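I have placed the structure first, in the form of structure tokens, so that the comments after it can refer back to it.
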Amino acid sequence: MPESLDPLLVDAMESLLLPCGRVIGQAIADEVEGLAAKGMLRASPLKLAASLRDRASAGTFTPRAGLEVAMKRAAAEKKRMEENRKAQANADRLAKERDSDGLERREAARVKAMEELKKRGFVA
1 MPESLDPLLV DAMESLLLPC GRVIGQAIAD EVEGLAAKGM LRASPLKLAA SLRDRASAGT
61 FTPRAGLEVA MKRAAAEKKR MEENRKAQAN ADRLAKERDS DGLERREAAR VKAMEELKKR
121 GFVA
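Counting from 1, one number per residue, gives the positions in the sequence shown under full-length UniProt numbering.
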């Protein structure tokens, strides 16, 4: 949903765009956001979205201002995914280090326990 949209209107916009499907609905929401960002929003965002929805239903909607919004969102999503990938790789590396440290400690404890059992004559 457009960031410029009043939070009270988000549900109304979602309901308005629901019949369009996800892809067309997102393109319309992006167009509303793009026009708002450029100061070209002359009517209420809901009226504009309804008009664009009707044009999309008629097959005459062509996104223009919303293309830049969609590109920025895609770039932000790509950046977020890359940051998540790096964070996961770091977490995996730390877990592997922790596991190998734990394994070494467990092995040292096992060896020490076996030596103690040998001293006491429980193990040959």
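Beta carbons are placed, not taken as given, at the ideal position from N, Cα and C, and that holds for glycine. Note that the coordinates shown come from a computational prediction; the quantities given were computed from them, not determined experimentally.
Contacts around residue i, its chain only, beta-carbon distance under 8 angstroms, and the 5 residues preceding and following it disregarded
i   : result
G21 : none
Simplified DSSP state of residue i, which is helix, strand or coil
i    : result
V23  : helix
K38  : coil
V123 : coil
R43  : The question names Arg, yet the displayed sequence has Ala at residue 43. Here A43 sits in coil by DSSP.
E3   : coil
R59  : It is Gly, not Arg, that sits at residue 59 in the sequence shown. Three-state result, G59: coil.
R106 : helix
R64  : coil
Residue i classed as buried or exposed, judged by whether at least 16 other C-beta atoms fall within 10 angstroms
i   : result
L17 : buried
N1  : According to the sequence as given, residue 1 is Met; it is not Asn. Label assigned to M1: buried.
E31 : buried
M71 : exposed
A91 : exposed
Minimum Cβ-Cβ distance from residue i to chain D less than 9 angstroms
i   : result
E97 : Any reference to chain D falls outside this structure, which holds one protein chain only.
Close Cβ partners of residue i (< 7 angstroms) along its chain, the five nearest in sequence each way excluded
i   : result
E33 : P2, E3, S4, G66 and V69
A95 : none
Spatially closest choice to residue i from the options, by CA coordinates
i   : options                : result
L7  : D92, G102, R80 and P45 : The residue you asked about is not Leu; residue 7 is Pro in the sequence shown. Ranking the options by Cα distance to P7, first place goes to P45.
A12 : V23, A43, K47 and R42  : K47
Close beta carbons around residue i, own chain, < 6 angstroms, minus the five adjacent residues each side
i    : result
V123 : L117
Check whether the stretch 48-66 and the stretch 24-31 touch, using three or more Cβ-Cβ pairs below 8 angstroms as the test.
Yes: the two stretches touch, three or more of their Cβ pairs being nearer than 8 angstroms.
Take every Cβ of the stretch 60-67, pair it with every Cβ of the stretch 30-49, and state whether three or more of those distances are shorter than 8 angstroms.
Segments in contact, yes.
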